[in-house]
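Structure record follows, encoded as structure tokens.
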Amino acid sequence: MSGHADDLGIGLEENTALLLDDGKAYCHGEGTVVLIDARDLDDSQACRERDLGYITNLKVHLLVAGCYFDLDTLTIGRDQAIHP
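All letters in the sequence shown, in the order written, are residues 0 to 83 by numbering that gives the first Met the number 0.
The following block contains the structure:
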């Protein structure tokens, strides 16, 4: 992640989807979505092939059905239409 700190890593559990709409990423399904955000890394030693490294200040966000991640503000919210 340290080599791609501007990118957002995404992991999906089985039977789960991440739907993008109007700058928001909505979680749907039975499992969770894991978002890895390296934009605020303070200090890191890039991992190279066969070389151990470290990363500090890595953010991990977990979304469940009805939650969304706002790609502009980098915040999590709940879809009030699904969960009032």
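No residue lacks a Cβ here, since even glycine has one placed at the ideal position from N, Cα and C. Remember, predicted model here, so these are calculated numbers, not experimental data.
Here's a check: name, in chain order, each residue in its chain whose Cβ is nearer than 6 Å to the Cβ of residue i, leaving out the five neighbours to either side.
{"i": "Glu-29", "result": "Asn-14"}
Looking only at its own chain, which residues have a Cβ that is under 7 Å from the Cβ of residue i, when we skip the five neighbours before and after it?
{"i": "Lys-58", "result": "Asp-36 and Asp-39"}
{"i": "Val-63", "result": "Cys-26 and Thr-31"}
{"i": "Pro-83", "result": "With a pLDDT of 44 at Pro-83, under the threshold of 50, the modelled position of that residue is not reliable, and no figure is offered here."}
{"i": "Leu-70", "result": "Gly-22, Lys-23 and Ala-24"}
Express the C-alpha separation of residue j and residue i in angstroms, rounding to a whole number.
{"i": "Glu-12", "j": "Leu-34", "result": "12 Å"}
{"i": "Leu-19", "j": "Leu-61", "result": "16 Å"}
{"i": "Gly-22", "j": "Asp-41", "result": "27 Å"}
{"i": "Cys-66", "j": "Ile-9", "result": "15 Å"}
{"i": "Asp-6", "j": "Asn-56", "result": "15 Å"}
{"i": "Ile-54", "j": "Asp-78", "result": "32 Å"}
I need the DSSP call for residue i, collapsed to helix, strand or coil.
{"i": "Ala-16", "result": "strand"}
{"i": "Gly-8", "result": "strand"}
{"i": "Arg-38", "result": "coil"}
{"i": "Val-63", "result": "coil"}
Excluding the 5 residues flanking residue i on each side, which residues of the same chain have their C-beta closer than 8 Å to its C-beta?
{"i": "Ala-16", "result": "Cys-26, His-27 and Gly-28"}
{"i": "Ile-75", "result": "His-60, Leu-62, Cys-66, Tyr-67, Phe-68 and Asp-69"}
{"i": "Leu-73", "result": "Asp-36 and Arg-38"}
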